[in-house]
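Chemist: For the sequence shown, our numbering begins at 288 and goes up steadily by one. Where is the CB? At the ideal position from N, CA and C, for every residue including glycine.
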Amino acid sequence: MIQDVPPPVVAPVALPEIVVTAARLPPAAADAAFSVVRIDQEVLSRSMRLDEALRSVPAVSLFRRTTSAAANPTTQGISLRAIAPSGAGRTLVLLDGVPLNDPFGGWVIWSQATPESLESLDVIRGAGSGPYGAGALTGTITLRERGPGNEGLGGVLDVSAAERGGLRAAGSASMRLGPVAVTLSGLREISDGYVPVRGSAAGAADTPLDLDSRSAALRVDTALGQANLSVRAATWEEDRGSGLAGTRANASGHSLSATAAQAPTANGYGWRLQAWRIDSNLANSSASVSADRATTTPANNQYKTPATGWGLNAALRRRMAEFAGGRLEWELGADARFNDGETNELFSNPTGAGFARGRRAGGETAVAGAYVDASWTAAEWLVAGGLRVDRWENTGGFRNEYTLATGAVLLNENDPDRSGEVVSARLAVRRDLGGGYAARAAAYSGFRPATLNELHRPFRVGNDITEANAALSPETLKGIETGLAFDRDGVRWGATVFWNQIEDAIVNVTIGAGPGTFPRAGFVPAGGVLRQRQNAGTIDAWGVELNGAVDLSSAVSLNAAVSWTDAEIDGGSAAAQLTGLRPAQAPEWSATAGLDWRATDRLTLALAARYESSRFDDDLNSRVLDAAVTLDARGEWALNPRTTLWLAADNLFDTDVEVSETGTGVAGYGPPRTVSVGLRLSY
Numbered sequence: 288m289i290q291d292v293p294p295p296v297v298a299p300v301a302l303p304e305i306v307v308t309a310a311r312l313p314p315a316a317a318d319a320a321f322s323v324v325r326i327d328q329e330v331l332s333r334s335m336r337l338d339e340a341l342r343s344v345p346a347v348s349l350f351r352r353t354t355s356a357a358a359n360p361t362t363q364g365i366s367l368r369a370i371a372p373s374g375a376g377r378t379l380v381l382l383d384g385v386p387l388n389d390p391f392g393g394w395v396i397w398s399q400a401t402p403e404s405l406e407s408l409d410v411i412r413g414a415g416s417g418p419y420g421a422g423a424l425t426g427t428i429t430l431r432e433r434g435p436g437n438e439g440l441g442g443v444l445d446v447s448a449a450e451r452g453g454l455r456a457a458g459s460a461s462m463r464l465g466p467v468a469v470t471l472s473g474l475r476e477i478s479d480g481y482v483p484v485r486g487s488a489a490g491a492a493d494t495p496l497d498l499d500s501r502s503a504a505l506r507v508d509t510a511l512g513q514a515n516l517s518v519r520a521a522t523w524e525e526d527r528g529s530g531l532a533g534t535r536a537n538a539s540g541h542s543l544s545a546t547a548a549q550a551p552t553a554n555g556y557g558w559r560l561q562a563w564r565i566d567s568n569l570a571n572s573s574a575s576v577s578a579d580r581a582t583t584t585p586a587n588n589q590y591k592t593p594a595t596g597w598g599l600n601a602a603l604r605r606r607m608a609e610f611a612g613g614r615l616e617w618e619l620g621a622d623a624r625f626n627d628g629e630t631n632e633l634f635s636n637p638t639g640a641g642f643a644r645g646r647r648a649g650g651e652t653a654v655a656g657a658y659v660d661a662s663w664t665a666a667e668w669l670v671a672g673g674l675r676v677d678r679w680e681n682t683g684g685f686r687n688e689y690t691l692a693t694g695a696v697l698l699n700e701n702d703p704d705r706s707g708e709v710v711s712a713r714l715a716v717r718r719d720l721g722g723g724y725a726a727r728a729a730a731y732s733g734f735r736p737a738t739l740n741e742l743h744r745p746f747r748v749g750n751d752i753t754e755a756n757a758a759l760s761p762e763t764l765k766g767i768e769t770g771l772a773f774d775r776d777g778v779r780w781g782a783t784v785f786w787n788q789i790e791d792a793i794v795n796v797t798i799g800a801g802p803g804t805f806p807r808a809g810f811v812p813a814g815g816v817l818r819q820r821q822n823a824g825t826i827d828a829w830g831v832e833l834n835g836a837v838d839l840s841s842a843v844s845l846n847a848a849v850s851w852t853d854a855e856i857d858g859g860s861a862a863a864q865l866t867g868l869r870p871a872q873a874p875e876w877s878a879t880a881g882l883d884w885r886a887t888d889r890l891t892l893a894l895a896a897r898y899e900s901s902r903f904d905d906d907l908n909s910r911v912l913d914a915a916v917t918l919d920a921r922g923e924w925a926l927n928p929r930t931t932l933w934l935a936a937d938n939l940f941d942t943d944v945e946v947s948e949t950g951t952g953v954a955g956y957g958p959p960r961t962v963s964v965g966l967r968l969s970y
């Protein structure tokens with residue numbers, strides 16, 4: 288009897304079972320039945336920003352087709368598939384389970400998570416009604432942060448210099464200190480930027496999109512018996528020019544999260560408990576521009592937008608080694624998210640002598656839900672499904688406007704509290720057909736509540752004004768898709784056909800044109816338009832996604848992907864003028880292609896091309912952004928196994944890529960050719 292109990296001297300044998308890592312549940316088996324694209328460290332290591340790495344997946348982009356190195360914070364929301372991009376984003380972004388979406392606007396400040404700080408990420412296309420929840424309308428992006436390697440150490444440092452005053456240093460380092468693992472990551476990036484309006488259309492009012500960005504994060508991991516505990520703190524700030532004289536944007540914030548998790552055994556339980564808090568702030572100024580683009584007049588100064596988001600989630604997972612002739616995995620969970628915030632602004636400057644009015648507007652939102660998700664695997668079959676029930680609430684909404692000179696109240700509104708329930712579900716089946724082939728089919732639904740930004744904050748871009756709408760309802764999506772994949776002997780390809788429909792789509796709808804004075808919005812100058820966020824009917828989208836990769840040899844590999852999406856709005860009675868039009872910022876075609884060539888043991892060369900067909904800059908399809916093809920080139924020289932010198936040229940042929948267009952036809956462009964050189968250290 289005594290010999291059955293291991294003596295103390297052999298206790299260390301049990302240590303491999305208690306590895307100090309980030310507290311997270313492994314990806315659920317159910318995800319394999321859906322459309323999932325994994326981006327590994329090889330792709331991440333070639334990207335300066337996380338959203339740039341995501342652009343290797345067709346039809347995945349920020350609201351406007353530029354990178355977060357130049358985009359205003361309010362347009363850094365990301366959407367999967369070219370159904371209906373949005374500045375708020377229709378995609379939920381999670382870092383080890385914690386949302387990175389801003390609590391006020393829903394967008395993502397991408398410098399929060401640098402490519403160097405991640406070990407990999409998954410792009411899960413299709414509404415995430417299962418464990419992902421509210422906000423995962425067109426899909427979910429799940430990020431996994433780096434940690435110590437097998438030797439108790441791990442890290443990377445990348446330093447680089449680029450044209451137009453670009454300097455960047457980013458890295459991540461991990462170390463095990465007895466029962467504790469510590470991971471520290473950080474970023475510092477500056478750039479003089481480029482002027483988005485070029486050529487004869489540019490004037491003295493057009494200024495560079497300069498950038499000063501910084502972020503840092505600290506994560507501490509320790510074992511709790513067979514489980515792990517992670518505590519993470521992060522801070523970030525971006526200050527940038529907005530492309531017009533006298534306009535700037537500053538986004539900042541910090542976050543704190545605590546996660547305890549235990550992975551399930553082959554025939555046992557696993558669980559996760561998580562709590563998090565995000566505090567953010569946005570300052571954003573805008574200006575009207577003269578017809579000759581020689582001067583600007585301050586139009587709005589959103590000098591602070593404090594917001595707080597916090598949430599809780601819990602999950603219980605069970606793996607059963609034998610169930611009905613196969614393996615069953617199920618997960619029960621619940622989550623809740625709460626946001627509050629307000630915008631503080633100065634506005635109304637018709638004479639250019641100074642602002643005459645002030646505004647405060649904001650409120651609170653909450654969403655809480657519970658779900659069950661399960662998968663069953665047997666031989667060549669995988670069947671997966673889930674069901675969610677969520678309740679959303681918009682409360683405490685207000686809008687107060689006053690004169691700066693006297694403090695006299697001009698508008699004092701309190702919005703009625705609103706709430707509702709949403710039921711969403713997903714079901715999928717996958718079958719391995721043999722010979723490297725696999726087929727799958729899926730159906731799903733999901734929803735996204737309106738953000739505080741959409742509900743309460745008016746905004747201005749140049750001469751265009753967009754009004755908020757406190758009466759917005761959540762937008763919902765339902766869809767079906769089917770796919771076929773092949774993977775054998777160094778050849779991989781996949782094909783997916785999908786149909787998605789968004790109901791009560793939140794769209795910026797044009798309701799007036801300048802010059803003129805409008806209720807609530809005030810004066811709209813010539814060449815500008817007045818829009819309002821509205822639940823503008825439905826958006827139907829059919830699409831085809833193709834991808835392929837082949838290893839021509841041990842040294843050469845090719846990859847390519849293409850996406851075609853036919854999206855159309857039915858505005859119904861709410862926005863009949865939009866019926867038959869294409870959603871703004873949604874290209875019909877997008878494609879990527881890449882070549883990797885390990886020319887020698889030390890030299891690696893890579894090319895990456897991206898194509899997008901034309902897209903519209905506005906809801907009325909009157910402002911056309913031309914199609915564009917860009918090519919990026921990169922060369923890497925391994926000085927030793929841990930040190931790499933690299934040289935890159937983004938937009939090698941200096942293509943003019945239109946990203947915006949004013950009502951008078953003045954185009955704004957994405958980054959010109961940018962050459963950079965850097966050194967990467969890893970251990």
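Is the Cβ of VAL962 closer than 9 Å to any Cβ of chain C?
Modeler: Here there is only one protein chain, and chain C is not present.
Chemist: Within its chain, find whatever has a CB closer than 7 Å to the CB of LEU408; leave out the 5 residues flanking it on each side and keep chain order.
Modeler: Translated into positions along the sequence shown, residue 408 becomes position 121. These residues qualify, in order along the chain: ILE326, ILE428, THR429, LEU430 and ARG431.
Chemist: Measuring alpha carbon to alpha carbon, tell me which residue in SER711, GLU629, ASN938 and ASN636 is nearest GLY684.
Modeler: In the sequence shown, the residue the question calls residue 684 occupies position 397. Here the closest residue by C-alpha is GLU629.
Chemist: Mind checking which residues open and close the alpha helix (DSSP H) that includes VAL323?
Modeler: Taking the first residue of the sequence shown as position 1, residue 323 is located at position 36. Note, VAL323: premise wrong, no alpha helix (DSSP H); beta strand (DSSP E) at 322-326.
Chemist: Does the distance from the C-beta atom of ILE793 to that of ASN834 stay below 9 Å?
Modeler: Counted from its first residue, the sequence shown places residue 793 at position 506. Counted from its first residue, the sequence shown places residue 834 at position 547. No.
Chemist: Can you grab the Cα-Cα spacing for the pair PRO812 / ARG647, in whole Å?
Modeler: Stepping through the sequence shown from its first residue, residue 812 is reached at position 525. Stepping through the sequence shown from its first residue, residue 647 is reached at position 360. About 23 Å.
Chemist: Go through its chain and collect everything with a Cβ distance to PRO637's Cβ below 7 Å, but skip five positions before and after it.
Modeler: Within the sequence shown, the letter at position 350 stands for residue 637. Cβ within range, chain order: PHE810.
Chemist: Please report the residue range of the alpha helix (DSSP H) in which LEU337 lies.
Modeler: The residue labelled residue 337 in the question sits at position 50 within the sequence shown. Looking at the DSSP string, the run of the alpha helix (DSSP H) that includes LEU337 is 337-341.
Chemist: Hey, could you find the ends of the alpha helix (DSSP H) ASN283 is sitting in?
Modeler: Because the chain is modelled from 288 through 970, residue 283 falls outside the range shown and cannot be assessed.
Chemist: Which ranges would you report for the beta strand (DSSP E) in the region 822-887 if only whole runs of at least 3 residues count?
Modeler: Runs of the beta strand (DSSP E) inside the region 822-887: 825-838, 843-857 and 876-885.
Chemist: Excluding the five sequence neighbours on either side, which residues of its own chain have a C-beta within less than 8 Å of the C-beta of LEU907, listed in chain order?
Modeler: In the sequence shown, residue 907 corresponds to position 620, counting from 1. Closer than 8 Å at the Cβ level, and outside the excluded window around LEU907, lie THR797, GLN864, LEU865 and LEU868.
Chemist: Quick one: what's SER706 bridged to in DSSP?
Modeler: Stepping through the sequence shown from its first residue, residue 706 is reached at position 419. BP columns for SER706 point to GLU680.
Chemist: Anyone know if the C-beta pair for VAL410 and VAL330 falls short of 9 Å?
Modeler: Indexing the sequence shown from 1 puts residue 410 at position 123. Indexing the sequence shown from 1 puts residue 330 at position 43. Cβ distance not < 9 Å, so VAL410 and VAL330 don't count as in contact.
Chemist: Of the residues PHE350, ALA309 and VAL659, which one's Cα is nearest the Cα of PHE903?
Modeler: Residue 903 sits at position 616 when you count from the first residue of the sequence shown. Looking at the Cα atoms, PHE350 is the closest of the given residues.
Chemist: Within the continuous beta strand (DSSP E) that includes GLY781, where are the two ends?
Modeler: The count along the sequence shown starts at 1 and reaches residue 781 at position 494. Segment 778-790, the beta strand (DSSP E) holding GLY781.
Chemist: I need the straight-line Cα distance from GLU450 to ARG921, nearest angstrom please.
Modeler: Position 163 of the sequence shown, counted from the first residue, corresponds to residue 450. Position 634 of the sequence shown, counted from the first residue, corresponds to residue 921. Approximately 15 Å, taken between the alpha carbons.
Chemist: Which parts of the region 510-577 are runs of the alpha helix (DSSP H), unbroken and 4 residues or longer, counting only runs that do not cross its ends?
Modeler: Counting whole runs of 4 or more residues, the region 510-577 contains no alpha helix (DSSP H) stretch at all.
Chemist: Beta-carbon within less than 6 Å of GLY420's beta-carbon, same chain only, minus the 5 sequence neighbours each way: which residues are those?
Modeler: As a first step, residue 420 must be located in the sequence shown, where it is residue number 133. Closer than 6 Å at the Cβ level, and outside the excluded window around GLY420, lie ASP622 and GLY656.
Chemist: Figure out for me which residue from ASP508, ALA757 and PHE391 has the closest Cα to the Cα of ASN568.
Modeler: Position 281 of the sequence shown, counting from 1, holds the residue named residue 568. Answer by Cα proximity: PHE391.
Chemist: Classify GLU476: buried if its beta carbon has 16 or more other beta carbons within 10 angstroms, exposed otherwise.
Modeler: Numbered from its first residue, the sequence shown carries residue 476 at position 189. Looking at its Cβ environment, which holds 16 or more other Cβ atoms inside 10 Å, GLU476 is buried.
Chemist: What's the C-alpha gap between LEU633 and LEU474?
Modeler: The residue you call residue 633 lines up with position 346 of the sequence shown. The residue you call residue 474 lines up with position 187 of the sequence shown. Going by the C-alpha atoms only, they are around 32 Å apart.
Chemist: DSSP beta-bridge partners for ALA602?
Modeler: Translated into positions along the sequence shown, residue 602 becomes position 315. BP columns for ALA602 point to ARG559 and GLY620.
Chemist: Kindly indicate which residue of ALA915, VAL467 and ARG624 has the alpha-carbon position closest to the one of ILE565.
Modeler: Translated into the one-based positions of the sequence shown, residue 565 becomes position 278. Measuring from the Cα of ILE565, the nearest candidate turns out to be ARG624.
Chemist: With the cut-off set at 9 Å, would you say VAL507 and THR534 are in Cβ contact?
Modeler: What you label residue 507 is simply residue 220 of the sequence shown in a count that begins at 1. What you label residue 534 is simply residue 247 of the sequence shown in a count that begins at 1. It is not a contact, given that the beta carbons lie outside the stated cut-off.
Chemist: On a CA-only basis, which of ILE365, GLY620 and PRO736 is nearest GLY384? Give me that one, please.
Modeler: The residue you call residue 384 lines up with position 97 of the sequence shown. Residue GLY620 is the option with its Cα nearest to GLY384.
Chemist: Looking at GLY480 and LEU496, is the spacing between their C-beta atoms short of 9 Å?
Modeler: Start at 1 with the first residue of the sequence shown, and residue 496 comes out as number 209. Start at 1 with the first residue of the sequence shown, and residue 480 comes out as number 193. Yes; because the gap between Cβ atoms is below 9 Å, this pair is in contact.
Chemist: How many Å lie between GLY452 and ASP445 at the Cα?
Modeler: On the sequence shown, residue 452 is found 165 positions in, with the first residue counted as 1. On the sequence shown, residue 445 is found 158 positions in, with the first residue counted as 1. Rounded to whole angstroms, GLY452 to ASP445 spans 17 Å at the Cα level.
Chemist: Kindly indicate which three-state DSSP category TRP394 falls into: helix, strand or coil?
Modeler: The residue labelled residue 394 in the question sits at position 107 within the sequence shown. Coil at TRP394, not helix or strand.
Chemist: Roughly how many angstroms separate the alpha carbons of GLY815 and LEU337, rounded to a whole number?
Modeler: Position 528 of the sequence shown, counting from 1, holds the residue named residue 815. Position 50 of the sequence shown, counting from 1, holds the residue named residue 337. Approximately 33 Å between the Cα atoms of the pair.
Chemist: What three-state label does DSSP hand GLN819 in the structure shown?
Modeler: On the sequence shown, position 532 is the one that residue 819 refers to. Strand.
Chemist: Whole angstroms is fine: what's the gap from GLY598's alpha carbon to GLU525's?
Modeler: Locating residue 598 in the sequence shown gives position 311, counting from the first residue. Locating residue 525 in the sequence shown gives position 238, counting from the first residue. Going by the C-alpha atoms only, they are around 24 Å apart.
Chemist: Quick one, which of THR494, ALA346 and PHE805 has its alpha-carbon nearest TYR898's?
Modeler: For this step, residue 898 is matched to residue 611 along the sequence shown. Checking every option, the nearest Cα to that of TYR898 belongs to ALA346.
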